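Q:
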Amino acid sequence: MLLSMTGYGDAHLHTEGVSVSIEIRSVNNRYFKLAVRGNELFSGLESQIEAVTRKHINRGTITINLRIKQDVTADKYRIDIEVLESYIQQIHKLGSKVGITETPHIDSILQLPGVVQENSDSDDEQFNAWPVIEQALKTALEKFDSMRRHEGEATTKDLRENLALIASHLEQIEAKSPDVIAGYRDRMTDRVNKVLEEFDVSVDPATLLREVAIFTDRVNISEEVVRLKSHLGQFENFLTQKESTGRKLDFLTQELFRETNTIGSKANDAEIAKAVVEMKTAIEKIREQVQNIE
Numbered sequence: 001m002l003l004s005m006t007g008y009g010d011a012h013l014h015t016e017g018v019s020v021s022i023e024i025r026s027v028n029n030r031y032f033k034l035a036v037r038g039n040e041l042f043s044g045l046e047s048q049i050e051a052v053t054r055k056h057i058n059r060g061t062i063t064i065n066l067r068i069k070q071d072v073t074a075d076k077y078r079i080d081i082e083v084l085e086s087y088i089q090q091i092h093k094l095g096s097k098v099g100i101t102e103t104p105h106i107d108s109i110l111q112l113p114g115v116v117q118e119n120s121d122s123d124d125e126q127f128n129a130w131p132v133i134e135q136a137l138k139t140a141l142e143k144f145d146s147m148r149r150h151e152g153e154a155t156t157k158d159l160r161e162n163l164a165l166i167a168s169h170l171e172q173i174e175a176k177s178p179d180v181i182a183g184y185r186d187r188m189t190d191r192v193n194k195v196l197e198e199f200d201v202s203v204d205p206a207t208l209l210r211e212v213a214i215f216t217d218r219v220n221i222s223e224e225v226v227r228l229k230s231h232l233g234q235f236e237n238f239l240t241q242k243e244s245t246g247r248k249l250d251f252l253t254q255e256l257f258r259e260t261n262t263i264g265s266k267a268n269d270a271e272i273a274k275a276v277v278e279m280k281t282a283i284e285k286i287r288e289q290v291q292n293i294e
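Numbering (the working numbering), first residue to last: 1 to 294.
#1: When DSSP labels each residue in this structure, what does A11 get in the three-state scheme?
#2: Considering only residues of the same chain and omitting the five flanking positions on each side of K266, which have a CB-CB separation below 8 Å?
#3: Buried or exposed: which applies to V132, given that a residue is buried once 16 or more other Cβ atoms fall within 10 Å of its Cβ?
#4: Please name the residue or residues paired with K248 in a DSSP beta bridge.
#5: Would you give the residue range spanned by the alpha helix (DSSP H) that S108 belongs to?
#6: Just to confirm, are L256 and I293 a CB contact at a threshold of 7 Å?
#7: In whole angstroms, what is the alpha-carbon distance linking E236 and S244?
#8: If R227 sits next to E259, beta carbons under 8 Å apart, how far is it from one beta carbon to the other, in whole angstroms?
#9: Residue range of the beta strand (DSSP E) that G17 falls in?
#10: Alpha helix (DSSP H) containing T240: first to last residue?
#11: With D250 and V290 assumed to form a contact (beta carbons below 8 Å), what rounded beta-carbon distance in angstroms separates them?
#12: Under the three-state reduction of DSSP, which class applies to V115: helix, strand or coil?
#13: Quick one: Cα of N29 to Cα of A167, how far?
#14: What distance in whole Å lies between the Cβ atoms of R54 and S21, which are believed to be in contact at a cut-off of 8 Å?
#15: Among E16, N58, I64 and H56, which one has its Cα closest to the Cα of I39?
#16: Whose CA, out of H14, T61 and A273, lies closest to the CA of S26?
#17: Looking only at C-alpha atoms, which of K93, Q70, N58 and F32 sits nearest to F42?
#18: Could you work out which residue in Y31, L110, G44 and V36 is closest to I57 when comparing CA atoms only?
#19: Could you give the residue range of the beta strand (DSSP E) that holds K69?
#20: Give the straight-line distance between the Cα atoms of K138 and A154, rounded to the nearest whole angstrom.
#21: Apart from the five residues just before and just after L165, which ones in its own chain have a Cβ nearer than 8 Å to its Cβ?
#22: Specify whether the region 46-53 and the region 86-100 touch according to this definition: at least 3 beta carbon pairs, one from each stretch, less than 8 Å apart.
#23: Assign I106 to one of two classes, buried (16 or more other C-beta atoms within 10 Å of its C-beta) or exposed (fewer than that).
#24: To which residues of the same chain is Q135 closer than 7 Å at the C-beta, ignoring the five residues directly before and after it?
#25: Put K33 into one of helix, strand or coil per three-state DSSP.
#26: Taking the alpha-carbon positions, what's the K176 to K229 distance?
#27: On the three-state DSSP scale, how would you describe I100?
#28: At which residues does the alpha helix (DSSP H) containing T281 begin and terminate?
Listed below in structure tokens is the structure:
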């Protein structure tokens, strides 16, 4: 089963006085790279978030946007009486100096820095919020995986179509190959005989056949055809495995191109050359698709 490296998933959860919103996005990358963006108060949970994420994702550049909001309770904030009294004294002192007798409203004073302070323990809040965050993260990852599986199924279909195209052209090449070898051998023999006649030189027939065979072997593509068939079979096998095999498919794609390119350079034939061009086009499409497979 192939999984796409690009995907999106989100989740929103409110429970136990904590509201959590999570968005997961990913793009291609040869390695695993995670960036968690959100409340600095919960930055200490990044290692736990990464551990959960790695169970679902092997590679790619993943961005997790995390928004956490805790319900406000009466004991969450306190008024610093000393700071408040200091502000009031300074305001009265300034008022007396400039001739202002009006006292500011208390709500204005409460908004001044340091008057209202938050009673919070970062470690405790992270510990209490983690079960909710983990549940939301797993839900978002399930949606994320669902999207990647859907794209992976479409990719698998496209890959198989291109593999079938390559296999079809390879059959044509394999059928044409013996004629190419025989034709090349006959042309080589004729040329050598003409040269021998021109210079009035005689050569042992066995020696002549051996030398012609050596040159003929240069256009023999049977080994490349066998290896190419093997690569196509391995490629199909990887498509049916339970785990996504992007790295292996990437390597096989390189091997498909290498063998196909060798066939094109060795087989001196117009029909084979045309088939090789079609095969290279299909391999290039496969290469583009494989780059997006985990």
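All C-beta atoms in this analysis are idealised placements derived from N, C-alpha and C, irrespective of residue type, glycine included. As the structure is a prediction and not an experimental result, all values here were calculated from the model.
A: Taking the geometry as given:
#1: To locate residue 11, count along the sequence shown from 1; it is residue 11. Note: A11 maps to strand in three-state DSSP.
#2: Against the sequence shown, residue 266 aligns to sequence position 266. Once the five neighbours on either side are set aside, the close Cβ partners of K266 are R218, V219, N220, I221 and E224.
#3: The residue labelled residue 132 in the question sits at position 132 within the sequence shown. It counts as buried.
#4: The count along the sequence shown starts at 1 and reaches residue 248 at position 248. K248 pairs with nothing; no bridge assigned.
#5: Numbered from 1 along the sequence shown, position 108 holds the residue referred to as residue 108. Unbroken alpha helix (DSSP H) run through S108: I106 to L110.
#6: Along the sequence shown, read from residue 1 onward, the residue named residue 256 stands at position 256. Along the sequence shown, read from residue 1 onward, the residue named residue 293 stands at position 293. Contact: no.
#7: Numbered from 1 along the sequence shown, position 236 holds the residue referred to as residue 236. Numbered from 1 along the sequence shown, position 244 holds the residue referred to as residue 244. Their backbone Cα atoms lie some 13 Å apart in a straight line.
#8: Looking up residue 227 in the sequence shown gives position 227. Looking up residue 259 in the sequence shown gives position 259. 5 Å between Cβ atoms; contact.
#9: By 1-based counting over the sequence shown, the position of residue 17 is 17. Where G17 is concerned, there is no enclosing beta strand (DSSP E), given that its DSSP letter is neither H nor E.
#10: As a first step, residue 240 is located in the sequence shown; it is residue number 240 there, counting from the start. First-last for T240: undefined, no H or E at that position.
#11: Translated into positions along the sequence shown, residue 250 becomes position 250. Translated into positions along the sequence shown, residue 290 becomes position 290. At roughly 5 Å, the Cβ-Cβ gap stays under 8 Å, so D250 and V290 are in contact.
#12: As a first step, residue 115 is located in the sequence shown; it is residue number 115 there, counting from the start. Of the three classes helix, strand and coil, the one that applies to V115 here is coil, per DSSP.
#13: Here residue 29 is taken as the residue at index 29 of the sequence shown, counted from 1. Here residue 167 is taken as the residue at index 167 of the sequence shown, counted from 1. In a straight line, the C-alpha of N29 is about 30 Å away from that of A167.
#14: Numbered from its first residue, the sequence shown carries residue 21 at position 21. Numbered from its first residue, the sequence shown carries residue 54 at position 54. 22 Å between Cβ atoms; not a contact.
#15: Residue 39 sits at position 39 when you count from the first residue of the sequence shown. It should be pointed out that residue 39 corresponds to Asn in this sequence rather than to Ile. With distances taken between Cα atoms, N39 lies closest to I64.
#16: The residue you call residue 26 lines up with position 26 of the sequence shown. Ranking H14, T61 and A273 by Cα distance to S26 puts T61 first.
#17: Residue 42 sits at position 42 when you count from the first residue of the sequence shown. That would be Q70, whose Cα lies nearest to the Cα of F42.
#18: For the purposes of this step, residue 57 is taken as the residue at position 57 of the sequence shown. The residue with the shortest Cα to Cα distance from I57 is Y31.
#19: The count along the sequence shown starts at 1 and reaches residue 69 at position 69. Looking at the DSSP string, the run of the beta strand (DSSP E) that includes K69 is G60 to Q70.
#20: By 1-based counting over the sequence shown, the position of residue 138 is 138. By 1-based counting over the sequence shown, the position of residue 154 is 154. Spanning the two alpha carbons is a distance of roughly 25 Å.
#21: Translated into the one-based positions of the sequence shown, residue 165 becomes position 165. E278, M279 and A282, listed in sequence order.
#22: no
#23: Numbered from 1 along the sequence shown, position 106 holds the residue referred to as residue 106. Burial call: exposed.
#24: The residue labelled residue 135 in the question sits at position 135 within the sequence shown. If we look at Q135 and ignore the five residues flanking it on each side, its Cβ neighbours are L13.
#25: Locating residue 33 in the sequence shown gives position 33, where the first residue counts as 1. DSSP places K33 in strand when its eight states are reduced to three.
#26: Start at 1 with the first residue of the sequence shown, and residue 176 comes out as number 176. Start at 1 with the first residue of the sequence shown, and residue 229 comes out as number 229. Approximately 16 Å, taken between the alpha carbons.
#27: One-based indexing of the sequence shown puts residue 100 at position 100. Residue state, collapsed to three classes: coil.
#28: Within the sequence shown, the letter at position 281 stands for residue 281. Counting along the chain, the alpha helix (DSSP H) containing T281 begins and ends at A270 to V290.
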